[in-house]
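Residue numbers (my numbering): 347 to 781.
Worksheet: one structure, shown below.
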């Protein structure tokens, strides 16, 4: 079969199976099996034998252990008052900025993202405090919701990031280097968001009522930020100093979180039980998708789809710029319907060989891909951040999406800047880990 027809057939299978409402992990397994049998002309018996071996090898990956640990860390923090302290600690430092405490959405999400790894958890944890406070103080509703929707997606980019762990496992790129590569682009996006809030506030001061703050409260606020800052230093320090791998650092982070909660007298059996149940549900979903994605990758390799498709696109002689533009549109469209982990595991066997053959660094492409996936978090109909905010604010999903649109454009701008200046992502990994 012609390679383009093969690719179209596989993509059609994916959308048909998922369109039937099948769970993503089972849908991936079904597509892998049908691709081998219907397109690869492999018997059911042989296909089953091939895929059963892949299930064991994929599920036996040590790197997968980081996922439930980072999820548990975020779940424990979510059930504590650390998010309240985060808001109160940032409040004195933002009141004097044009835009006032709207910036707590951006800075709060950026800080919490560094101990969470999940976009939805970041949005929910910061949003449960800021949405109420901003409304009570008379801040523009659209700006407060939109800035939270955009900033919440930083949970996927600023390390530790679950999507980066997934990308690293699939692409065989160092997860530690991916974490390093995500820091500066994450800061860039946060600065773009804050810059936009400043411009809007200067153009229309009525959007953000002025507030006063004393220097004493600023000094005291640092103490409130210490739990989050301590966790960031412990987890990231363990990784970047080489003391621990990302999986080991996740375990260190969970232990440090338990110690902090114990010291603050917030740790209870009920909290641990709730956090473990939520972690079990989330990590089972993520890991099952990852394992069945390995089945799909194997099926794609058996059909020679990645290599042949890469060769086909190379023969089109697309310029690197047009190739990235085509991939950006492709991922934005996928983001309308699928979550970030599903997008990564389904598309990477096809797109990564193309990108590498075009001469792009797979480390850089990992960051570029995460930004494109972030866009899907704030686009309907399946934008998870939009659903989280709808539940927090009670606004209609259309209003939430409209409020998030300027931040969608800003994130597109960040992706463009990253394409023009790749060293934004590559400079830190090359500096800290040149080998």
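The beta-carbon is built from N, C-alpha and C at its ideal position, and this holds for glycine as well.
Please name the residue in the options whose C-alpha comes closest to that of residue i.
i	options	result
residue 351	439, 372, 381	381
residue 516	691, 746, 726, 711	691
residue 672	707, 740, 687, 715	715
residue 482	555, 499, 541	555
residue 750	732, 469, 548	732
residue 638	687, 622, 746, 623	687
residue 520	718, 431, 709, 744	709
residue 524	507, 369, 627	507
residue 368	536, 739, 725, 635	635
residue 397	457, 645, 485	645
residue 681	725, 661, 471	725
residue 539	451, 696, 411, 587	451
residue 537	565, 617, 496	496
Quick one: what's got a C-beta closer than 8 Å to residue i's C-beta in the same chain, skipping five residues either side?
i	result
residue 770	530, 531, 534, 763, 764
residue 434	567, 570
residue 736	742, 743, 746
If you draw a straight line from the C-alpha of residue i to the C-alpha of residue j, how long is it?
i	j	result
residue 647	residue 545	50 Å
residue 488	residue 389	56 Å
residue 606	residue 576	9 Å
residue 401	residue 447	48 Å
residue 641	residue 721	27 Å
residue 416	residue 756	28 Å
residue 360	residue 374	7 Å
residue 759	residue 585	30 Å
residue 440	residue 543	12 Å
residue 669	residue 604	46 Å
residue 599	residue 428	15 Å
residue 766	residue 666	11 Å
residue 376	residue 594	34 Å
residue 633	residue 550	47 Å
residue 499	residue 465	5 Å
residue 383	residue 358	15 Å
residue 406	residue 509	19 Å
residue 711	residue 701	8 Å
residue 761	residue 777	22 Å
residue 623	residue 706	41 Å
Spatial neighbours of residue i within its chain, please: CB distance less than 6 Å, with the 5 preceding and 5 following residues excluded, ordered by chain position.
i	result
residue 480	490
residue 460	504, 578
residue 694	516
residue 445	543, 544, 547, 554
residue 453	436
If you run the structure through DSSP and keep just helix, strand and coil, what is residue i?
i	result
residue 785	Here the chain has residues from 347 to 781 only, and residue 785 is not among them.
residue 742	coil
residue 765	helix
residue 620	helix
residue 507	coil
residue 664	coil
residue 369	coil
residue 590	coil
Taking 9 Å as the CB-CB limit, is residue i close to chain C?
i	result
residue 682	Reference to chain C is not applicable here, since this structure consists of a single protein chain.
Using a Cβ-Cβ cut-off of 7 Å (strictly less than) and excluding sequence neighbours within five positions of residue i, which residues of its own chain qualify?
i	result
residue 467	420, 424, 501
residue 414	625, 629
residue 649	352, 381, 385, 386
| query | Where are the alpha helix (DSSP H) runs, 4 residues long or more, that stay fully inside the segment 426–457, in chain order? | reply | Here the runs fully enclosed are 428–440.
| message | Ignoring anything shorter than 4 residues, give me the alpha helix (DSSP H) runs that lie fully in the segment 459–485, in order along the chain. | response | You should have 465–482.
| Whole beta strand (DSSP E) runs in the segment 667–738 with 3 or more residues, listed along the chain? | Whole beta strand (DSSP E) segments, 3+ residues: zero.
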